[in-house]
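K.L.:
Numbering (the working numbering), first residue to last: 1 to 646.
Structure (structure tokens):
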């Protein structure tokens, strides 16, 4: 730059002015100003911007220039006088972190200064420095710098790197962060969200995404890098919503948000809130699950270490399982022995959980419920710090510990009483006045398509609900309740159903459910996949009934009547085929039977999928077989099958 300057002639630098140091007064109106002393001619020689200010400007005797947006002033002056970058560790590693904002790195600020003041050599040096730090995580940030500050060589290098490493960029954290933030923002209902403190709604940020994208991304990068964000982001206002007209007392209002106060529409200061889960926050369910996972792990380790015993479930065989605790929406049931040692261990577990999570166990609402006669139960409750409860009790609307035949649980005449209330309501009657029923109740309960009102019969609806548990046992293989029932009562072959519930104690509920198994399985068939859990002859999987019923003569001649579909399939041939084995050869009049069986089987072949059950929708002959989403049986299908069978 000096070589092309008018100040350098014949290899000599000629200075025609007196160079001195002039100390000017500090302008106190500017916040924390910093003054640097430099030679005007040197500045003018290195930068055309300074040249226009000091030499070609209207006032040649100008002694001061205000630089407002050139932050690394010392580094720039070091370059102007020494033609090199300052030896600084922060400068050399400024671009290595993909989480640092481009506006906060010294190399980026030097690049901005070089672009603003025409320092071409400084820009080239900054470009070379930033080129060394290009990676899949930083290329987007450096490319934005190059485009903003007209660094054409740096931009070309970034574009070439992006083209060669496109897959890596898509898999990088910055790309996923951008994709996740964009999806979350666009998924919000912008038109129906209240504006923020700046008066802007979500719709503004959605419509101006290209304009505000960089600022939003920098906010999240700073959060991931420093693990903190400005407190103002979590500030809101207390707004009182009246519950009724003419509200006067504070109890007549419903407050929303509890972080900041508004008085007459004007913010009136902040106050801090305690830690915890805010009710109504969409993150609360996920945070609750994470917190309860900590408690679950503590309890499991205590059971494994022998500090808690849990509830040991044994069935008819040698199989058993231990249930240590059950988690619900707001409560947790923990099982242990009635001993002071185990309650003391439980007390320590709860204390550790409070310390680890920041949550507090509400012992005032907690209850210690003994099963059977337990001595010193009051002392044990004191050890835990809670109250003593008794069985039977009601939890989440369900009776616990009550006898299955107790009047308080289910009165035999309750169905008639409920249907009487329905009939009286329909015809305008009540307990004191009886109105004439113009239409028979059975007609009223008929489907609307057949001229009725579609009101469901309570007894049939109850049977349908019980029958659905038979279906759920067949499809929900990994659920805790299913595992417990399977251990307690045992399972029939292949695990589709339990064995018969025998005994007089502790089997009432499942025994009643199993009473509905017969009609339920009459409306269930199998969809064969691998064929390892479906019997060829005795399970309904081909046609509208079992093959043993459709072809009784062939069933009697079968070599293995209990064979599975997989065992009857010949895997040795290329595409496979049926290998039907019988005790003897067929007579002429029996050939039509085997021909009919083969015709029925010709459209079936095994696959790699698991065997599953289907429900016959609508009931009756010729009804379509349906697979419900995620193995879920529609309650209406059970009910209609029951009504059609009446």
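A virtual CB, placed ideally from N, CA and C, is assigned to each residue, including glycine.
Predicted, not measured: the structure shown is a model, and the values here were computed from it.
Hey, could you find the ends of the alpha helix (DSSP H) residue 121 is sitting in?
P.N.:
Looking at the DSSP string, the run of the alpha helix (DSSP H) that includes residue 121 is 120 to 131.
K.L.:
Can you tell me which of the three DSSP states residue 28 falls into?
P.N.:
Below a pLDDT of 50, predicted positions are generally treated as unreliable, and residue 28, at 34, falls in that range; no measurement from the model is reported.
K.L.:
Can you look up residue 325 in the DSSP assignment and give me helix, strand or coil?
P.N.:
In the structure shown, residue 325 sits in a strand (DSSP, three-state: E or B).
K.L.:
May I ask you to verify whether the segment 603 to 613 touches the segment 528 to 537, counting CB pairs closer than 8 Å and requiring at least 3?
P.N.:
The answer is yes - the segment 528 to 537 touches the segment 603 to 613, with three or more Cβ pairs under 8 Å.
K.L.:
Given 8 Å as the limit, is there contact between the segment 281 to 295 and the segment 434 to 454, that is, 3 or more CB pairs closer than that?
P.N.:
At 8 Å Cβ cutoff, the stretches do not touch.
K.L.:
Note down the Cα distance separating residue 538 from residue 576, rounded to an integer number of angstroms.
P.N.:
Answer to the nearest angstrom: the Cα atoms are 22 Å apart.
K.L.:
Count the other CB atoms, across all protein chains shown, that sit within 10 Å of the CB of residue 350; report buried if there are 16 or more and exposed otherwise.
P.N.:
Under this definition residue 350 is a buried residue.
K.L.:
Given that a residue counts as buried once 16 or more other Cβ atoms are within 10 Å of its Cβ, and exposed if not, what is residue 207?
P.N.:
Exposed, since its Cβ has fewer than 16 Cβ neighbours within 10 Å.
K.L.:
On the CB-based measure, 16 or more other CB atoms within 10 Å of its CB, does residue 241 come out buried or exposed?
P.N.:
It is exposed - the Cβ of residue 241 has fewer than 16 other Cβ atoms within 10 Å.
K.L.:
Using the Cβ count rule (16 or more neighbours within 10 Å means buried), how would you classify residue 295?
P.N.:
With 16 or more Cβ atoms within 10 Å of its Cβ, residue 295 is classed as buried.
K.L.:
For residue 437, count neighbouring C-beta atoms within 10 Å of its own C-beta (all shown protein chains included) and say buried if the count is 16 or more, exposed if not.
P.N.:
The residue is exposed, with fewer than 16 neighbouring Cβ atoms inside 10 Å.
K.L.:
Say whether the segment 312 to 327 touches the segment 341 to 355, bearing in mind that this needs 3 or more beta-carbon pairs closer than 8 Å, one atom from each stretch.
P.N.:
With a cut-off of 8 Å, the segment 341 to 355 and the segment 312 to 327 do not count as touching, because too few Cβ pairs lie within range.
K.L.:
Between which residues of its own chain and residue 384 is the CB-CB distance below 7 Å, once the five residues before and five after are set aside?
P.N.:
Cβ within range, chain order: 343, 346, 347, 368.
K.L.:
Taking DSSP as the reference, what is the three-state secondary structure of residue 639?
P.N.:
Three-state result, residue 639: helix.
K.L.:
What number of angstroms, rounded off, separates the C-alpha of residue 724 from the C-alpha of residue 365?
P.N.:
With the chain running from 1 to 646 in the structure shown, residue 724 is simply not present.
K.L.:
Assign residue 670 to buried or exposed, taking buried as 16 or more other Cβ atoms, counted over all protein chains shown, within 10 Å of its Cβ.
P.N.:
Missing from the structure shown is residue 670; the chain here goes from 1 to 646 and no further.
K.L.:
Using only alpha-carbon positions, find the residue among 372, 330, 457, 336 that is nearest to residue 359.
P.N.:
Ranking the options by Cα distance to residue 359, first place goes to 330.
K.L.:
Rounded to the nearest angstrom, how far is the Cβ of residue 122 from that of residue 107, given a contact under 8 Å?
P.N.:
Residue 122 to residue 107, Cβ: 11 Å. No contact.
K.L.:
Entirely within the segment 366 to 408 and at least 3 residues each: give me those beta strand (DSSP E) ranges in chain order.
P.N.:
You should have 393 to 395, 398 to 400.
K.L.:
Out of 589, 571, 590, which has the shortest C-alpha to C-alpha gap to residue 608?
P.N.:
For the residues 589, 571, 590, the minimum Cα distance to residue 608 belongs to 571.
K.L.:
Does the pairing of the segment 584 to 596 with the segment 542 to 560 give three or more beta-carbon distances under 8 Å?
P.N.:
Contact between the segment 584 to 596 and the segment 542 to 560 is present, because at least three Cβ pairs lie under 8 Å.
K.L.:
Grab me the residues of residue 494's own chain with a C-beta within less than 7 Å of its C-beta, minus the 5 sequence neighbours each way, in chain order.
P.N.:
Only 533 meet the Cβ criterion.
K.L.:
Within the continuous beta strand (DSSP E) that includes residue 526, where are the two ends?
P.N.:
That run of the beta strand (DSSP E) goes 524 to 527.
K.L.:
Return the bridge partner residues of residue 535 from the DSSP annotation.
P.N.:
Paired residue(s): 564.
K.L.:
Could you give the C-beta distance for residue 488 and residue 315, rounded to a whole number, given that I count them as a contact under 8 Å?
P.N.:
Their Cβ separation, rounded to whole angstroms, is 5 Å, which keeps residue 488 and residue 315 in contact under 8 Å.
K.L.:
Report buried or exposed for residue 450, applying the criterion of at least 16 other Cβ atoms within 10 angstroms of its Cβ.
P.N.:
Per the 10 Å Cβ criterion, exposed.
K.L.:
Helix, strand or coil for residue 240 per DSSP?
P.N.:
Strand at residue 240.
K.L.:
Which whole-angstrom value is the C-beta distance of residue 639 and residue 421, which I expect to be below 8 Å?
P.N.:
So it is not a contact: roughly 20 Å between Cβ atoms.
K.L.:
By the DSSP assignment, the alpha helix (DSSP H) with residue 158 in it spans what residues?
P.N.:
Its alpha helix (DSSP H) spans residues 152 to 164.
K.L.:
Could you tell me which of 124, 424, 323 sits nearest to residue 332, measuring between CA atoms?
P.N.:
When only C-alpha atoms are compared, the closest one is 323.
K.L.:
With 16 as the cutoff for other CB atoms within 10 Å, does residue 474 come out buried or exposed?
P.N.:
Buried, because 16 or more other Cβ atoms sit within 10 Å of the Cβ of residue 474.
K.L.:
Determine the burial state of residue 325: buried for a count of at least 16 other Cβ atoms within 10 Å of its Cβ, exposed for fewer.
P.N.:
Answer is buried; the Cβ neighbour count reaches 16.
K.L.:
My guess is that residue 569 and residue 560 are in contact by the Cβ rule of under 8 Å, so how many angstroms apart are they, rounded?
P.N.:
That belief does not hold up - the Cβ atoms of residue 569 and residue 560 are roughly 13 Å apart, past 8 Å.
K.L.:
Tell me which same chain residues have a C-beta within less than 8 Å of the C-beta of residue 145, skipping the five on either side of it?
P.N.:
These residues qualify, in order along the chain: 102, 108, 111, 130, 151, 154.
K.L.:
Return the chain-ordered ranges of every alpha helix (DSSP H) run that is complete within the segment 455 to 486 and spans a minimum of 4 residues.
P.N.:
Listed in chain order, the complete alpha helix (DSSP H) runs (minimum 4 residues) inside the segment 455 to 486 are 458 to 475.
K.L.:
Our contact map puts residue 536 next to residue 564 with C-beta atoms below 8 Å; I'd like the distance itself, whole angstroms only.
P.N.:
Indeed they touch by this definition, with Cβ atoms about 6 Å apart.
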